[in-house]
Amino acid sequence: MIEPRSSLAAGATGWIRTGTPLILFVALGLPAGAVGVAWPQMRASLGAPLAGLGLLLAAYTAAYFVASAASGFLGARLGTAALLAAGCGLAAVGLLGLSIATAWWMVPAVTLLLGGGSGLIDAAANAHTSLNRGVRFMGWLHASWAVGAALGPPVVVASIGATGSWRASFGAMAAAFLAVGFLVGHRRQDWIDTRPGVDRPSPAALAPRSSRRRALVLLIGLFVLGAGLEGTAGDWSYTQLTAGRLLSSGLAGLGASLFWAGLAGGRAAIGIFGNRIAPDRLLDISVGASALGALAFWLAPPLGSALIALPILGAAISVIFPLLLSITPTRVGTEMTSHAIGYELAAGTLGGGGLPALTGLILQAAGLLTLGPLLTVFAAGLLVLHLVSRLTPRRVD
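Those letters in the sequence shown? Residues 8 to 404, per my numbering, in order.
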């Protein structure tokens, strides 16, 4: 029996509507994985200083912070599809600028465009997903970013192998952002809010405005500490295990890989099984497991820290971001969600960049062995904030 053409068309439309955000986040992750691999050749060809990568990342982070914080205001006036298309355009121009830059001073300047575009995309897509899709899709969305970050290094390596330069890889990423931006613009109806009961207030909407603001402050704190815990463990664990605890580079490298594998695996798992446990309950488990993982990294022998504690910590941390974004509408109300998610992602940017940097200063002054206690302090703070947020009343009768 031949399936009716209308059914086939509806099925294709459904696949496009589901797949576009995932493809968008794969593209969003590409530069994150590519910049570090491309940097040695970029520095040599542009005459950049050794610490230039820090300036590049600072420019990206500053622009991302401003764009994500402003996304709620802009989205309310332009609409989600227009904001996403604009973000894709900015990111594409920034990547194209990187691919054709002829002097070092151009790189931080065009990186501002890449960071601003990425911030708009991240905030707008997450806000739309939290309001219109379930926690499972949020898990797949963030797993897609991890896939993009994993593909970034091979793209650079292939570019260097084929052309002898890193430039073609950034040109290809610019083309990818443009293609996805055109798809988003063409399918702009897919980004119209479709949440059920849009005319009825959410449970959080029944709470006083002061309660919703308190909930938002707690969410912002959770984002700062969650992103800081992830970034600090990812950035410093290898150095501490090798230089501080004298583990071989091979075993320490395996532990670092297992941490990132746990991060990607946890997000894929929530995409598959996320509807079997309530998001709040799953958040209880992940925050508690993060505290246990950090404590184990501190107290376990070096081999146990690398091969057991780090993957546990990575898997536990992995679901915190998607879960916090998914529960935002129930904590602050649908009316505040787009603004709240912009602030949350901006806070995550500060935590993900600021706490690892602060950790570096502390490690330099107090020694590498203080990493374990620091991770435990971050995880304990995350646990305390989570418990306070769980105990805070969310509605009035």
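Just so you know, even glycine gets a beta-carbon here, dropped at the ideal spot from N, CA and C.
When only Cα atoms are considered, Ile107 and Val100 end up about 11 Å apart. For Gln196, the closest of Ser52, Gly86, Ala39 by C-alpha to C-alpha distance is Gly86. Taking a C-beta distance under 9 Å as the contact criterion, Leu158 and Gly40 qualify as a contact pair.
Excluding sequence positions up to five before and after Leu390, its CB lies within less than 8 Å of the CB of Val294, Gly295, Ser297, Ala298, all in the same chain and listed in chain order. About 4 Å separates the Cβ atoms of Ala386 and Ala301, confirming a contact at the 8 Å cut-off. Taking each of Pro160, Glu351, Ala263 in turn and checking the Cα distance to Val44, the smallest one comes out for Pro160.
DSSP places Pro380 inside the alpha helix (DSSP H), whose first and last residues are 378-398. Nearest in C-alpha terms to Leu320, of all of Phe72, Ala240, Tyr350, Arg84, is Ala240. Considering only Ile30, Met49, Thr27, Tyr71, the residue with the shortest C-alpha distance to Ala354 is Tyr71.
Gly311 and Leu236 have their C-alpha atoms spaced approximately 19 Å apart. Closest in C-alpha terms to Ala34, from the list Gly124, Pro47, Gly238, Thr337, comes Gly124. Between Leu289 and Gly278, the C-beta gap is not smaller than 9 Å, which leaves the two residues out of contact.
For Ile107, the three-state secondary structure derived from DSSP is helix. Between Leu331 and Leu226 the beta-carbon gap is near 6 Å, inside 8 Å, which marks them as a contact. Linking Pro308 to Val326 through their CA atoms gives a straight-line distance of about 26 Å. Gln371: member of the alpha helix (DSSP H) spanning 341-373, first to last residue. Relative to Pro47, the option among Gly192, Val164, Leu190 whose CA is nearest is Val164. If you ignore the 5 residues before and after Trp152, its C-beta comes within less than 7 Å of the C-beta of Phe32, Leu35, Gly36, all in its own chain and listed in chain order.
By the criterion of a C-beta distance shorter than 6 Å, Leu127 is surrounded in its chain by Ala74, Ser78, Leu90, Gly94, once the five residues flanking it on both sides are discounted.
Excluding residues up to 5 positions away in sequence, Ala55, Trp173 lie with their Cβ nearer than 7 Å to the Cβ of Met49 in the same chain. Separation of the CB atoms of Leu365 and Leu232 is rounded to 12 Å, and the pair is thereby denied contact status at 8 Å.
Secondary structure of Val164 (DSSP, three-state): helix. Under a 10 Å Cβ-count criterion, Gly359 is classified as buried, with 16 or more other Cβ atoms of the shown protein chains found around its own Cβ.
Take Ser345, set aside five residues on each side of it, and the residues of its chain with a beta-carbon closer than 6 Å to its own are Gly79, Gly82, Ala134, in chain order. Between Gly238 and Pro363, the C-beta spacing is below 9 Å. If you draw a straight line from the Cα of Met145 to the Cα of Arg252, it comes to about 37 Å. Distance from the CA of Ile292 to the CA of Leu62, rounded to the nearest whole angstrom, comes to 37 Å. Taking a 10 Å sphere around the C-beta of Ile369, we find fewer than 16 other C-beta atoms and assign the residue as exposed.
Ser333 sits close to Pro286, with the two beta carbons spaced by under 9 Å. In terms of CA proximity to Ala130, Pro28 leads the group Ser166, Pro28, Leu382. If you check the CB distance, Leu352 and Leu314 do not come in under 9 Å. If you look at Ile279, you'll find it in the alpha helix (DSSP H) that goes 256-280.
CA-to-CA, the gap between Leu261 and Ala268 works out to about 10 Å.
Closest option to Leu317, judged by alpha-carbon separation, among Arg338, Gln247, Leu190: Gln247. Rounded to whole angstroms, the Cβ separation of Leu121 and Leu102 is 6 Å, and the two are in contact under 8 Å. Comparing C-alpha distances from Arg140 to each of Val339, Ile199, Leu378, Thr356 shows the shortest one belongs to Ile199.
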